[in-house]
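J.: Dropping a structure here in structure tokens format, bear with me for questions.
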Amino acid sequence: MIDAPTCRAARAFLNWTARNLAAKSGVPMSKIFDLERNRPIDEPDRIALEAAFRTHGVVIDDDGTRATGVRTVTTGGTRHHALLVRHAVEPALLPGRPDNAPSP
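Residue numbers (the working numbering): 520 to 623.
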């Protein structure tokens with residue numbers, strides 16, 4: 520299931536603005552911004568976003584409960600290049616934070 524970091528990563532990989540993604544997915548920009556700000560959006564909108572990315576060769580990987588990364592695929596569906604694999608990290612756990620507190 521697509522989440523904020525994977526949506527931003529997939530848009531960046533395709534060099535798409537939110538306006539581009541909205542045009543290609545049919546999902547309003549306001550919903551895209553909601554998703555990218557970790558606000559809830561409807562499941563049909565999530566599906567439409569993933570379908571738009573998939574149509575243009577970018578697939579959102581998941582482990583069944585959360586997104587785990589973004590990868591490109593060839594037209595035949597064969598894995599071609601891994602773009603990102605990430606897991607959420609609490610800001611307070613990041614090394615080098617002087618206040619060791621979550622950012623706003």
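Glycine included, every Cβ here is placed at the ideal spot set by N, Cα and C.
Note that the structure is a prediction, hence the values are computed from the model and not measured.
Should Met520 be counted as a contact of the ligand FMN given a C-beta to heavy atom distance under 8 Å?
T.: Because no ligand of any kind appears in the structure shown, any question about the ligand FMN cannot be addressed here.
J.: According to DSSP, is Ile579 helix, strand or coil?
T.: The residue given as residue 579 occupies position 60 in the sequence shown. The answer is strand: DSSP assigns Ile579 an E or B state.
J.: Three-state secondary structure (DSSP) at Met520?
T.: Within the sequence shown, residue 520 is the residue found at index 1, counting from 1. Here Met520 sits in coil by DSSP.
J.: Quick check: what's the CA-CA separation for Asn534 versus Arg527?
T.: Within the sequence shown, residue 534 is the residue found at index 15, counting from 1. Within the sequence shown, residue 527 is the residue found at index 8, counting from 1. Cα to Cα, Asn534 sits roughly 10 Å from Arg527.
J.: Using the C-alpha atoms, what's the distance from Val546 back to Asp564?
T.: One-based indexing of the sequence shown puts residue 564 at position 45. One-based indexing of the sequence shown puts residue 546 at position 27. Roughly 6 Å separates the two Cα atoms.
J.: Taking all protein chains shown into account, do 16 or more other C-beta atoms lie within 10 angstroms of the C-beta of Glu569, making it buried, or fewer, making it exposed?
T.: Position 50 of the sequence shown holds residue 569. When all chains shown are included, Glu569 counts as buried.
J.: Spatial neighbours of Leu554 within its chain, please: C-beta separation below 8 Å, excluding the five flanking residues on both sides.
T.: Here residue 554 refers to the residue found at position 35 when the sequence shown is read from its first residue. Result list for Leu554: Ile521, Asp522, Ala523, Cys526, Ile560, Asp564, Arg565 and Leu568, in chain order.
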